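K.L.:
Encoded as C-alpha coordinates, here's the structure I'll be asking about.
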Amino acid sequence: MRYVDFVDLRYEPKGTDVLCTFNVEPEGVSVEEAAGGVAAESSIGTWTELTTVKPYVEKLAARVFDIERNSIKIAYPIELFEPRNMPNILSSVSGNVFGLRTLKNLRLNDIHFPSELVRSFKGPKYGVAGIRRILRVYERPLVGTIIKPKLGLKTLDHSRVAYEAWVGGCDIVKDDENLSSQRFNPFENRVVKTLESRDRAEEETGARKVYMVNITAETNEMLKRAEFVLDHGGEYVMVDILTCGFSALQTLRQQDFDLVVHAHRAGHAAFTKNAKHGISMRVIAKIARIIGVDQLHVGTIVGKMFEARGEVAENCDALKKEMSGLRRVLPVASGGLHPGLVPALIKFFRKDFVIQAGGGIHGHRDGTIAGAKAMRQAVDATLKGVPLSEYAETYRELETALKMWGQQA
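Per this note's numbering, the very first residue in the sequence shown carries number 1; after that it's consecutive.
Below is the structure:
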(Lines of atoms letter the chains of each structure in order from A and count residues from 1; the text may use other names and numbers.)
(Lines give C-alpha, C1' and ligand atoms only; values in the text may rest on other atoms or scores of the structure.)
Protein backbone atom coordinates (compact mmCIF):
# COMPACT_ATOMS: atom_id res chain seq x y z
CA MET A 1 0.00 0.00 0.00
CA ARG A 2 1.26 3.46 -0.95
CA TYR A 3 0.98 6.41 1.43
CA VAL A 4 -1.96 7.85 -0.52
CA ASP A 5 -3.82 4.54 -0.14
CA PHE A 6 -4.21 5.38 3.57
CA VAL A 7 -6.37 8.40 2.68
CA ASP A 8 -10.07 7.56 2.52
CA LEU A 9 -12.25 10.63 2.87
CA ARG A 10 -15.39 8.48 2.63
CA TYR A 11 -14.50 6.47 5.73
CA GLU A 12 -16.83 6.93 8.70
CA PRO A 13 -15.03 6.27 11.99
CA LYS A 14 -16.30 3.50 14.23
CA GLY A 15 -17.15 4.05 17.86
CA THR A 16 -14.19 1.86 18.78
CA ASP A 17 -11.60 3.80 16.75
CA VAL A 18 -8.89 5.95 18.29
CA LEU A 19 -9.18 9.35 16.60
CA CYS A 20 -6.26 11.76 16.25
CA THR A 21 -6.20 15.30 14.92
CA PHE A 22 -2.87 16.41 13.48
CA ASN A 23 -1.57 19.53 11.83
CA VAL A 24 0.79 18.54 9.00
CA GLU A 25 3.27 20.75 7.18
CA PRO A 26 4.53 18.78 4.17
CA GLU A 27 8.09 18.88 2.85
CA GLY A 28 8.17 18.37 -0.91
CA VAL A 29 4.95 16.37 -1.14
CA SER A 30 1.21 17.08 -1.15
CA VAL A 31 -0.84 17.34 2.02
CA GLU A 32 -2.59 14.13 1.02
CA GLU A 33 0.64 12.16 0.68
CA ALA A 34 2.01 13.63 3.92
CA ALA A 35 -1.21 12.73 5.74
CA GLY A 36 -1.14 9.23 4.29
CA GLY A 37 2.44 8.88 5.44
CA VAL A 38 1.45 9.64 9.02
CA ALA A 39 -1.39 7.11 8.91
CA ALA A 40 0.77 4.46 7.25
CA GLU A 41 3.84 4.77 9.46
CA SER A 42 1.74 4.79 12.63
CA SER A 43 -0.16 1.66 11.64
CA ILE A 44 0.65 -1.06 9.09
CA GLY A 45 2.51 0.76 6.31
CA THR A 46 6.00 1.92 5.40
CA TRP A 47 7.85 3.81 2.67
CA THR A 48 7.47 1.09 0.00
CA GLU A 49 4.90 -1.48 -0.99
CA LEU A 50 5.24 -4.79 0.85
CA THR A 51 4.84 -8.41 -0.19
CA THR A 52 4.05 -9.46 3.38
CA VAL A 53 0.74 -7.60 3.76
CA LYS A 54 -2.14 -10.09 4.00
CA PRO A 55 -5.81 -9.22 3.46
CA TYR A 56 -6.49 -9.48 7.19
CA VAL A 57 -3.67 -6.99 7.86
CA GLU A 58 -5.13 -4.42 5.48
CA LYS A 59 -8.20 -4.22 7.71
CA LEU A 60 -5.97 -2.74 10.46
CA ALA A 61 -4.83 0.22 8.37
CA ALA A 62 -5.24 3.66 9.90
CA ARG A 63 -7.31 5.94 7.66
CA VAL A 64 -7.14 9.66 7.02
CA PHE A 65 -10.83 10.47 6.92
CA ASP A 66 -10.77 14.25 6.94
CA ILE A 67 -8.45 16.89 5.46
CA GLU A 68 -9.06 20.60 5.89
CA ARG A 69 -6.07 22.59 4.69
CA ASN A 70 -3.25 21.33 6.93
CA SER A 71 -5.51 19.81 9.60
CA ILE A 72 -6.03 16.10 9.20
CA LYS A 73 -7.97 13.48 11.16
CA ILE A 74 -6.90 9.85 11.36
CA ALA A 75 -8.89 6.87 12.62
CA TYR A 76 -6.99 3.93 14.12
CA PRO A 77 -8.70 0.55 14.63
CA ILE A 78 -8.69 -0.36 18.30
CA GLU A 79 -7.09 -3.71 17.44
CA LEU A 80 -3.81 -1.88 16.85
CA PHE A 81 -3.43 -1.19 20.57
CA GLU A 82 -2.88 -3.19 23.72
CA PRO A 83 -5.28 -2.29 26.55
CA ARG A 84 -3.74 -0.84 29.74
CA ASN A 85 -0.56 0.04 27.83
CA MET A 86 -0.23 3.78 27.30
CA PRO A 87 3.39 3.58 26.07
CA ASN A 88 2.24 1.23 23.31
CA ILE A 89 -0.54 3.58 22.23
CA LEU A 90 1.72 6.63 22.17
CA SER A 91 4.55 4.82 20.39
CA SER A 92 2.08 4.31 17.56
CA VAL A 93 0.23 7.60 17.19
CA SER A 94 3.08 9.87 18.34
CA GLY A 95 6.22 7.88 17.64
CA ASN A 96 8.41 7.69 14.53
CA VAL A 97 6.00 9.82 12.52
CA PHE A 98 7.53 12.99 13.95
CA GLY A 99 10.79 12.20 12.15
CA LEU A 100 9.42 11.60 8.64
CA ARG A 101 11.45 13.33 5.93
CA THR A 102 8.24 14.23 4.10
CA LEU A 103 7.14 16.41 7.02
CA LYS A 104 8.56 19.81 7.88
CA ASN A 105 6.38 19.92 11.01
CA LEU A 106 3.82 17.66 12.66
CA ARG A 107 1.62 18.51 15.62
CA LEU A 108 -0.71 16.13 17.48
CA ASN A 109 -3.45 18.53 18.54
CA ASP A 110 -6.08 16.18 19.93
CA ILE A 111 -6.86 12.55 20.60
CA HIS A 112 -10.06 10.67 21.34
CA PHE A 113 -9.96 7.32 23.13
CA PRO A 114 -12.89 4.88 22.81
CA SER A 115 -14.51 3.74 26.04
CA GLU A 116 -13.06 0.24 25.76
CA LEU A 117 -9.53 1.63 25.99
CA VAL A 118 -10.35 4.28 28.59
CA ARG A 119 -11.90 1.71 30.91
CA SER A 120 -8.83 -0.50 30.74
CA PHE A 121 -7.04 2.14 32.85
CA LYS A 122 -7.81 3.07 36.45
CA GLY A 123 -8.46 6.79 35.98
CA PRO A 124 -8.48 9.25 38.91
CA LYS A 125 -9.12 7.83 42.36
CA TYR A 126 -10.26 11.11 43.94
CA GLY A 127 -10.71 13.87 41.38
CA VAL A 128 -12.40 17.18 42.18
CA ALA A 129 -15.04 15.82 44.56
CA GLY A 130 -12.63 13.59 46.46
CA ILE A 131 -10.11 16.37 46.98
CA ARG A 132 -12.79 18.70 48.29
CA ARG A 133 -13.94 16.03 50.73
CA ILE A 134 -10.41 15.68 52.10
CA LEU A 135 -9.96 19.41 52.59
CA ARG A 136 -13.60 20.10 53.52
CA VAL A 137 -13.58 23.13 51.26
CA TYR A 138 -16.50 23.17 48.83
CA GLU A 139 -17.41 26.67 47.67
CA ARG A 140 -14.15 28.41 46.78
CA PRO A 141 -10.95 27.75 44.84
CA LEU A 142 -8.24 26.01 46.80
CA VAL A 143 -5.23 28.13 47.70
CA GLY A 144 -1.79 26.58 47.51
CA THR A 145 1.85 27.51 47.49
CA ILE A 146 5.14 26.08 46.33
CA ILE A 147 8.04 26.25 48.76
CA LYS A 148 10.46 28.94 47.56
CA PRO A 149 13.32 28.98 46.95
CA LYS A 150 12.55 25.75 45.14
CA LEU A 151 15.97 24.31 45.99
CA GLY A 152 18.46 24.91 48.76
CA LEU A 153 16.44 25.19 51.95
CA LYS A 154 17.40 22.80 54.72
CA THR A 155 14.69 20.55 56.11
CA LEU A 156 13.81 22.62 59.19
CA ASP A 157 13.61 25.84 57.18
CA HIS A 158 11.50 24.06 54.56
CA SER A 159 9.05 22.84 57.19
CA ARG A 160 8.95 26.28 58.80
CA VAL A 161 8.02 27.96 55.52
CA ALA A 162 5.30 25.34 55.04
CA TYR A 163 3.91 26.02 58.52
CA GLU A 164 3.81 29.77 57.89
CA ALA A 165 1.98 29.29 54.58
CA TRP A 166 -0.62 27.04 56.22
CA VAL A 167 -1.32 29.29 59.21
CA GLY A 168 -1.53 32.25 56.85
CA GLY A 169 -4.41 30.58 55.03
CA CYS A 170 -3.05 28.19 52.39
CA ASP A 171 -4.83 24.88 52.04
CA ILE A 172 -1.95 23.27 50.19
CA VAL A 173 1.84 23.33 50.34
CA LYS A 174 3.88 21.49 47.75
CA ASP A 175 7.45 20.81 46.74
CA ASP A 176 8.68 22.14 43.44
CA GLU A 177 9.48 19.88 40.52
CA ASN A 178 13.22 19.51 41.13
CA LEU A 179 13.22 18.95 44.88
CA SER A 180 13.86 15.25 45.43
CA SER A 181 16.15 13.88 48.14
CA GLN A 182 19.19 16.10 47.95
CA ARG A 183 21.69 16.21 50.81
CA PHE A 184 20.45 19.57 52.06
CA ASN A 185 16.85 18.29 52.36
CA PRO A 186 16.58 14.46 52.42
CA PHE A 187 13.20 13.04 51.45
CA GLU A 188 12.40 11.08 54.62
CA ASN A 189 13.35 13.90 56.97
CA ARG A 190 11.39 16.39 54.90
CA VAL A 191 8.24 14.26 54.96
CA VAL A 192 8.38 13.77 58.73
CA LYS A 193 9.15 17.38 59.63
CA THR A 194 6.76 18.97 57.14
CA LEU A 195 3.87 16.72 58.16
CA GLU A 196 4.59 17.69 61.76
CA SER A 197 4.22 21.31 60.66
CA ARG A 198 0.96 20.38 58.93
CA ASP A 199 -0.41 18.83 62.11
CA ARG A 200 0.56 21.89 64.12
CA ALA A 201 -1.07 24.21 61.58
CA GLU A 202 -4.27 22.17 61.57
CA GLU A 203 -4.44 22.25 65.35
CA GLU A 204 -3.93 26.01 65.45
CA THR A 205 -6.28 26.93 62.59
CA GLY A 206 -8.95 24.25 62.89
CA ALA A 207 -8.74 23.80 59.11
CA ARG A 208 -7.57 20.84 57.04
CA LYS A 209 -4.16 21.19 55.40
CA VAL A 210 -2.29 19.00 52.90
CA TYR A 211 1.32 18.58 51.84
CA MET A 212 2.21 17.49 48.31
CA VAL A 213 5.63 15.90 48.57
CA ASN A 214 7.51 15.22 45.36
CA ILE A 215 8.14 11.47 45.08
CA THR A 216 9.52 11.57 41.51
CA ALA A 217 12.33 9.04 41.14
CA GLU A 218 13.15 5.69 39.55
CA THR A 219 9.89 3.73 39.59
CA ASN A 220 10.62 1.31 42.43
CA GLU A 221 12.03 4.13 44.54
CA MET A 222 8.96 6.20 43.75
CA LEU A 223 6.70 3.44 45.07
CA LYS A 224 8.77 3.21 48.26
CA ARG A 225 8.45 6.93 48.75
CA ALA A 226 4.69 6.82 48.23
CA GLU A 227 4.44 4.12 50.91
CA PHE A 228 6.59 6.22 53.25
CA VAL A 229 4.26 9.19 52.81
CA LEU A 230 1.24 7.00 53.48
CA ASP A 231 2.82 5.40 56.54
CA HIS A 232 3.52 8.82 58.04
CA GLY A 233 0.02 10.20 57.63
CA GLY A 234 0.39 11.97 54.31
CA GLU A 235 -2.53 12.18 51.91
CA TYR A 236 -0.89 13.60 48.79
CA VAL A 237 2.03 12.87 46.51
CA MET A 238 3.39 14.87 43.58
CA VAL A 239 4.82 13.32 40.42
CA ASP A 240 6.67 14.92 37.51
CA ILE A 241 4.65 12.90 35.03
CA LEU A 242 6.62 13.64 31.87
CA THR A 243 10.14 13.24 33.19
CA CYS A 244 9.33 10.03 35.06
CA GLY A 245 7.23 8.77 32.15
CA PHE A 246 3.71 7.50 31.67
CA SER A 247 4.77 3.92 32.37
CA ALA A 248 6.04 4.88 35.84
CA LEU A 249 2.91 6.94 36.45
CA GLN A 250 0.74 3.99 35.49
CA THR A 251 2.73 1.69 37.78
CA LEU A 252 2.15 4.10 40.66
CA ARG A 253 -1.57 4.33 39.97
CA GLN A 254 -1.88 0.55 39.69
CA GLN A 255 -0.88 0.27 43.37
CA ASP A 256 -4.13 2.02 44.26
CA PHE A 257 -2.58 3.85 47.22
CA ASP A 258 -4.92 5.98 49.32
CA LEU A 259 -3.04 9.05 48.10
CA VAL A 260 -4.12 11.94 45.91
CA VAL A 261 -1.82 12.20 42.89
CA HIS A 262 -0.80 15.73 41.96
CA ALA A 263 0.68 15.84 38.45
CA HIS A 264 3.41 18.36 37.70
CA ARG A 265 4.05 18.85 33.99
CA ALA A 266 7.77 19.74 34.17
CA GLY A 267 9.23 19.57 30.66
CA HIS A 268 5.90 19.86 28.85
CA ALA A 269 6.95 22.87 26.79
CA ALA A 270 9.48 20.69 24.96
CA PHE A 271 6.40 19.06 23.41
CA THR A 272 3.78 21.80 23.56
CA LYS A 273 5.32 25.23 23.04
CA ASN A 274 5.89 25.08 19.28
CA ALA A 275 2.40 25.45 17.83
CA LYS A 276 3.52 23.78 14.58
CA HIS A 277 5.28 20.73 15.98
CA GLY A 278 5.02 18.34 18.90
CA ILE A 279 2.09 17.40 21.11
CA SER A 280 -0.53 19.70 22.61
CA MET A 281 -1.05 20.00 26.36
CA ARG A 282 -4.65 18.94 25.80
CA VAL A 283 -3.43 15.52 24.66
CA ILE A 284 -1.11 15.22 27.67
CA ALA A 285 -3.99 16.19 29.97
CA LYS A 286 -6.25 13.48 28.55
CA ILE A 287 -3.56 10.84 28.89
CA ALA A 288 -2.78 11.83 32.48
CA ARG A 289 -6.48 11.72 33.37
CA ILE A 290 -6.98 8.30 31.83
CA ILE A 291 -3.98 6.87 33.66
CA GLY A 292 -5.28 8.34 36.91
CA VAL A 293 -3.96 11.67 38.21
CA ASP A 294 -6.27 13.71 40.43
CA GLN A 295 -5.02 17.19 39.64
CA LEU A 296 -2.80 18.68 36.97
CA HIS A 297 -1.09 21.94 36.07
CA VAL A 298 -2.90 23.45 33.08
CA GLY A 299 -1.25 26.86 32.71
CA THR A 300 -2.67 30.27 33.47
CA ILE A 301 -4.28 33.04 31.49
CA VAL A 302 -2.09 35.51 33.38
CA GLY A 303 1.31 35.28 35.04
CA LYS A 304 4.59 34.16 33.50
CA MET A 305 3.66 31.14 31.37
CA PHE A 306 3.23 31.18 27.59
CA GLU A 307 -0.14 29.54 26.91
CA ALA A 308 -2.97 31.54 25.43
CA ARG A 309 -6.45 31.69 26.91
CA GLY A 310 -7.87 29.23 24.40
CA GLU A 311 -5.19 26.63 25.12
CA VAL A 312 -5.77 26.79 28.87
CA ALA A 313 -9.52 26.41 28.27
CA GLU A 314 -8.86 23.31 26.16
CA ASN A 315 -6.67 21.86 28.91
CA CYS A 316 -9.40 22.40 31.50
CA ASP A 317 -11.98 20.89 29.19
CA ALA A 318 -9.85 17.78 28.80
CA LEU A 319 -9.83 17.38 32.58
CA LYS A 320 -13.51 18.03 33.24
CA LYS A 321 -15.64 16.93 30.30
CA GLU A 322 -17.39 13.57 30.36
CA MET A 323 -14.98 10.79 29.42
CA SER A 324 -16.34 7.27 29.75
CA GLY A 325 -17.31 7.88 33.37
CA LEU A 326 -13.89 9.06 34.60
CA ARG A 327 -13.81 11.41 37.60
CA ARG A 328 -13.11 15.05 36.86
CA VAL A 329 -9.51 16.19 37.46
CA LEU A 330 -8.80 19.41 39.36
CA PRO A 331 -6.95 22.04 37.27
CA VAL A 332 -4.01 23.82 38.87
CA ALA A 333 -3.07 27.35 37.82
CA SER A 334 0.55 28.14 38.58
CA GLY A 335 3.31 30.37 37.28
CA GLY A 336 3.90 33.97 38.28
CA LEU A 337 0.66 34.36 40.24
CA HIS A 338 0.00 36.93 42.98
CA PRO A 339 -3.09 38.32 44.79
CA GLY A 340 -3.71 41.01 42.19
CA LEU A 341 -4.42 38.37 39.56
CA VAL A 342 -7.04 36.49 41.57
CA PRO A 343 -10.16 38.20 40.10
CA ALA A 344 -9.06 37.36 36.55
CA LEU A 345 -8.27 33.79 37.55
CA ILE A 346 -11.62 33.16 39.25
CA LYS A 347 -13.51 34.77 36.37
CA PHE A 348 -11.88 32.30 33.99
CA PHE A 349 -11.57 29.10 36.06
CA ARG A 350 -14.65 29.57 38.28
CA LYS A 351 -14.38 27.81 41.65
CA ASP A 352 -13.00 24.35 40.85
CA PHE A 353 -9.27 24.94 40.57
CA VAL A 354 -6.14 25.49 42.65
CA ILE A 355 -4.48 28.90 42.80
CA GLN A 356 -0.85 27.83 43.21
CA ALA A 357 1.46 30.76 43.98
CA GLY A 358 5.12 30.63 45.00
CA GLY A 359 6.82 34.00 44.70
CA GLY A 360 3.43 35.71 44.97
CA ILE A 361 3.22 34.46 48.56
CA HIS A 362 6.80 34.11 49.78
CA GLY A 363 7.86 37.33 48.05
CA HIS A 364 5.46 39.41 50.14
CA ARG A 365 7.37 42.20 51.84
CA ASP A 366 6.11 41.13 55.27
CA GLY A 367 6.85 37.43 54.86
CA THR A 368 5.09 34.17 54.06
CA ILE A 369 2.26 34.44 56.60
CA ALA A 370 1.33 37.86 55.24
CA GLY A 371 1.61 36.60 51.67
CA ALA A 372 -0.76 33.72 52.36
CA LYS A 373 -3.19 36.03 54.10
CA ALA A 374 -3.12 38.40 51.14
CA MET A 375 -3.94 35.58 48.75
CA ARG A 376 -6.88 34.39 50.84
CA GLN A 377 -8.09 37.99 51.21
CA ALA A 378 -8.02 38.39 47.43
CA VAL A 379 -10.08 35.19 47.04
CA ASP A 380 -12.59 36.32 49.70
CA ALA A 381 -12.94 39.76 48.14
CA THR A 382 -13.51 38.33 44.67
CA LEU A 383 -16.15 35.86 45.83
CA LYS A 384 -17.94 38.69 47.68
CA GLY A 385 -17.85 40.86 44.57
CA VAL A 386 -15.76 43.54 46.29
CA PRO A 387 -12.96 45.21 44.27
CA LEU A 388 -9.51 44.34 45.60
CA SER A 389 -8.59 48.00 46.05
CA GLU A 390 -11.63 48.51 48.26
CA TYR A 391 -11.02 45.31 50.26
CA ALA A 392 -7.40 46.36 50.74
CA GLU A 393 -8.53 49.41 52.70
CA THR A 394 -9.37 47.02 55.54
CA TYR A 395 -6.71 44.33 55.06
CA ARG A 396 -3.13 45.57 55.09
CA GLU A 397 -1.62 42.31 53.80
CA LEU A 398 -3.61 42.65 50.60
CA GLU A 399 -2.87 46.36 50.44
CA THR A 400 0.87 45.66 50.54
CA ALA A 401 0.59 42.92 47.90
CA LEU A 402 -1.25 45.23 45.52
CA LYS A 403 1.36 47.94 46.00
CA MET A 404 4.11 45.42 45.23
CA TRP A 405 2.64 43.64 42.22
CA GLY A 406 -0.38 45.64 41.08
CA GLN A 407 -3.66 44.08 40.00
CA GLN A 408 -5.50 42.94 36.92
CA ALA A 409 -9.26 43.07 36.58
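Think of the CB as a built atom: it goes at the ideal place given N, C-alpha and C, for glycine as much as any other residue. Owing to the predicted nature of the structure, the values given are computational and were not obtained by experimental measurement.
Pick out whichever of Lys-209, Gln-255, Thr-102 and Arg-208 has its Cα sitting closest to the Cα of Lys-224.
P.N.:
Gln-255
K.L.:
In terms of residue numbering, what span does the beta strand (DSSP E) encompassing Thr-145 cover?
P.N.:
142-146
K.L.:
On the three-state DSSP scale, how would you describe Tyr-391?
P.N.:
Tyr-391 carries a helical assignment under DSSP once its states are collapsed to helix, strand and coil.
K.L.:
Could you give the distance in angstroms between the alpha-carbon of Arg-183 and the alpha-carbon of Thr-21?
P.N.:
Roughly 45 Å between the two C-alpha positions.
K.L.:
Using beta-carbon positions only, say whether Val-173 and Glu-204 come within less than 8 Å of one another.
P.N.:
no
K.L.:
Can you check which of these residues, Glu-393, Leu-345 and Thr-394, is closest to Val-379 by C-alpha distance?
P.N.:
Leu-345
K.L.:
Output the residue ranges of the alpha helix (DSSP H) runs that lie fully inside the stretch 150-235 and measure 4 residues or longer, sorted by chain position.
P.N.:
155-168, 187-205 and 219-231
K.L.:
Do Asn-178 and Lys-410 count as a contact pair if the criterion is CB distance below 8 Å?
P.N.:
The structure shown does not extend to residue 410, since the chain is modelled only from 1 through 409, so no value can be given for it.
K.L.:
Hey, how far is the Cα of Arg-198 from the Cα of Val-213?
P.N.:
12 Å
K.L.:
Of all the options Gln-295, Glu-25, Gly-335 and Arg-253, which has the alpha carbon lying nearest to the alpha carbon of Ile-301?
P.N.:
Of Gln-295, Glu-25, Gly-335 and Arg-253, the residue nearest in Cα terms is Gly-335.
K.L.:
Is it buried or exposed for Gly-340, if we count other Cβ within 10 angstroms and need 16 for buried?
P.N.:
Buried, since its Cβ has 16 or more Cβ neighbours within 10 Å.
K.L.:
Is the separation between the beta-carbon of Val-298 and that of Val-283 shorter than 8 Å?
P.N.:
no
K.L.:
Judging by CA-CA distance, which residue of Tyr-3, Ala-40, Arg-136 and Gly-28 is the nearest neighbour of Gly-206?
P.N.:
Arg-136
K.L.:
Looking only at DSSP bridge pairs, what is Phe-22 linked to?
P.N.:
As a beta-bridge residue in DSSP terms, Phe-22 pairs with Ile-72 and Leu-108.
K.L.:
Which first and last residues belong to the beta strand (DSSP E) in which Leu-337 is found?
P.N.:
Leu-337 -> no beta strand (DSSP E), and no H or E assigned at all.
K.L.:
Look at His-362 and Lys-122 and say whether their C-beta atoms are less than 8 Å apart.
P.N.:
no
K.L.:
Within 10 Å of its beta-carbon, does Ala-270 have 16 or more other beta-carbons around it, so buried, or fewer, so exposed?
P.N.:
exposed
K.L.:
Could you tell me which uninterrupted alpha helix (DSSP H) segments, each at least 4 residues in length, are contained entirely in the stretch 39-105, listed from first to last along the chain?
P.N.:
55-58 and 86-93
K.L.:
Checking 8 Å against the spacing of the C-beta atoms, do Leu-252 and Met-222 come in under that value?
P.N.:
yes
K.L.:
Please report how far the alpha carbon of Tyr-391 lies from the alpha carbon of Asp-171, in whole angstroms.
P.N.:
Taken atom to atom, the span from the alpha-carbon of Tyr-391 to that of Asp-171 is near 21 Å.
K.L.:
Can you check whether the CB of Gly-234 is closer than 8 Å to the CB of Leu-296?
P.N.:
no
K.L.:
Reducing DSSP to helix, strand and coil, say where Ile-279 ends up.
P.N.:
DSSP, reduced to helix, strand and coil, places Ile-279 within a strand of the structure shown.
K.L.:
With a 10 Å radius around its C-beta and 16 neighbouring C-beta atoms as the bar for buried, classify Thr-272 as buried or exposed.
P.N.:
Result: buried.
K.L.:
At what residues does the beta strand (DSSP E) containing Leu-296 begin and finish?
P.N.:
295-297
K.L.:
Taking 8 Å as the cut-off, decide whether the C-beta atoms of Gln-420 and Leu-337 are in contact.
P.N.:
Lying outside 1 to 409, the shown extent of the chain, residue 420 is not represented and no answer is given.
K.L.:
Locate the beta strand (DSSP E) running through Gln-250, then write down its first and last residues.
P.N.:
Note, Gln-250: premise wrong, no beta strand (DSSP E); alpha helix (DSSP H) at 246-254.
K.L.:
Check whether chain D comes within 8 Å of Pro-83, counting only Cβ atoms and requiring the distance to be less than that.
P.N.:
In the structure shown, chain D cannot be found, because there is only a single protein chain.
K.L.:
Using 10 angstroms around the beta-carbon of Val-386, count the other beta-carbons present and answer buried if the total reaches 16, otherwise exposed.
P.N.:
Val-386 should be labelled exposed.
K.L.:
Ignore the nearest five residues each way along the sequence and tell me which others in Thr-400's own chain have a CB closer than 8 Å to its CB.
P.N.:
Scanning its chain for C-beta atoms nearer than 8 Å, with the 5 sequence neighbours on each side dropped, one finds around Thr-400 the residues His-364, Arg-365, Asp-366, Ala-370 and Ala-374, in chain order.
K.L.:
Give the straight-line distance between the Cα atoms of Arg-200 and Tyr-163, rounded to the nearest whole angstrom.
P.N.:
When rounded, the distance between both Cα atoms is 8 Å.
K.L.:
If you drop the 5 nearest sequence neighbours on each side, which residues of the same chain put their C-beta closer than 7 Å to that of Asn-189?
P.N.:
Thr-155
K.L.:
Would His-277 and Leu-106 qualify as a contact pair, given that the criterion is a beta-carbon distance under 8 Å?
P.N.:
yes
K.L.:
Looking at the strands, I want to know which residues DSSP matches up with Asp-240.
P.N.:
For Asp-240, which the question treats as bridged, DSSP gives the partners His-264.
K.L.:
Excluding the 5 residues preceding and the 5 following Lys-351 in the sequence, name in chain order all residues of the same chain whose CB lies nearer than 7 Å to its CB.
P.N.:
Glu-139, Arg-140 and Pro-141
K.L.:
Quickly, what does DSSP pair Val-354 with across the bridge? List them, please.
P.N.:
Leu-142 and Val-332
K.L.:
My understanding is that Val-239 touches Val-261, with C-beta atoms under 8 Å, so please give their C-beta distance in whole angstroms.
P.N.:
6 Å
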